[in-house]
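Single-structure report; data block below.
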Amino acid sequence: MAEIRSTLDMVMERAAKIAAEADDKLDEESSTHQGMRLAAEYLRNGDSDLQTILQAQKKEEQPAILKGMVDTLLRNIVLPRDEMLLENSGKALRAVSSLATPEISSTCAELEQLLNQYSQHKDQMVQQLEDAIRQQLEQHLAQQGAKLSDDVAINPAMHPKYQEELDKMLTDLNGQYNEALDQRKNLIKQNLVMVR
Numbered sequence: 742m743a744e745i746r747s748t749l750d751m752v753m754e755r756a757a758k759i760a761a762e763a764d765d766k767l768d769e770e771s772s773t774h775q776g777m778r779l780a781a782e783y784l785r786n787g788d789s790d791l792q793t794i795l796q797a798q799k800k801e802e803q804p805a806i807l808k809g810m811v812d813t814l815l816r817n818i819v820l821p822r823d824e825m826l827l828e829n830s831g832k833a834l835r836a837v838s839s840l841a842t843p844e845i846s847s848t849c850a851e852l853e854q855l856l857n858q859y860s861q862h863k864d865q866m867v868q869q870l871e872d873a874i875r876q877q878l879e880q881h882l883a884q885q886g887a888k889l890s891d892d893v894a895i896n897p898a899m900h901p902k903y904q905e906e907l908d909k910m911l912t913d914l915n916g917q918y919n920e921a922l923d924q925r926k927n928l929i930k931q932n933l934v935m936v937r
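Counting from 1 along the sequence shown, just add 741 to a position and that's the residue number in my numbering.
The following block contains the structure:
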């Protein structure tokens, strides 16, 4: 009977330990979600300083809150299809920089440079495609003996292959830039969350 009781005691101790670990995990998840909410609120309003908000939290919760903040901010750094996305990505990137250590600041600068380069690179590729199609159409018309006057504008976007070629180019470009962004985001996440 003593053996049964000691086995029962061991099972109860183990259950208590598992319950305590589960509570710790729930507390950490709750703090991570709080960090996500704080970062999302910052992105919506932008009138607060995340570093100050983080420092105002309980010391033991700060790593999990920081993780949630960083996760949310990094998810909002995306390739800018338009000016609004570029602004939002820039805002999220500035917030990450405010939370970053000096070592990570250079990676944040690389991310910002990538975002700006993407827009320029995309515009250049679209212009090159339009110029190539325009030139091809002009040559085709010249071969047929047609003369173009200065007031006739050729719209390359109306060419049947334009959208197909543009989609291919943008898929390749987006793949390259997304890979570079993801590498830097992972580096920031690993270093920023693990340092603290």
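Backbone N, C-alpha and C fix where the C-beta goes; we use that ideal spot for every residue, glycine too.
| Query | Result |
| --- | --- |
| Residue 886 burial status per 10 Å Cβ neighbour count (16 or more: buried) | exposed |
| Three-state secondary structure assigned by DSSP to residue 885 | coil |
| Own chain, CB closer than 6 Å to residue 818, minus 5 neighbours either side, in chain order | 830, 833 and 834 |
| Residue 813: CB within 8 Å of a non-hydrogen atom of the ligand FAD | Absent from the structure shown: the ligand FAD. Ligands present: none. |
| Buried or exposed (CB count within 10 angstroms, at least 16 for buried), residue 897 | buried |
| Of the listed residues 860, 808 and 867, nearest to residue 821 (C-alpha basis) | 860 |
| Any chain D beta carbon closer than 9 Å to residue 874 | Structure shown: chain D not included; a single protein chain is present. |
| Own chain residues within Cβ distance below 8 Å of residue 929, not counting five before or after | 811, 815, 837, 841, 845, 848, 849 and 852 |
| Whole-angstrom C-beta distance between residue 895 and residue 879, which should lie under 8 Å | 7 Å |
| Unbroken stretches of the alpha helix (DSSP H), 4 residues or longer, contained in the segment 801-859 | 803-816 and 824-840 |
| Per-residue burial, residue 916 [other beta carbons within 10 Å of its own, 16 or more giving buried] | exposed |
| C-alpha gap between residue 907 and residue 901, whole angstroms | 11 Å |
| Buried or exposed (CB count within 10 angstroms, at least 16 for buried), residue 785 | exposed |
| Through-space distance from residue 864 to residue 856, alpha-carbon basis | 13 Å |
| Coil, strand or helix - residue 775 by DSSP | helix |
| Residue from 920, 867, 933 and 925 with nearest C-alpha to residue 903 | 867 |
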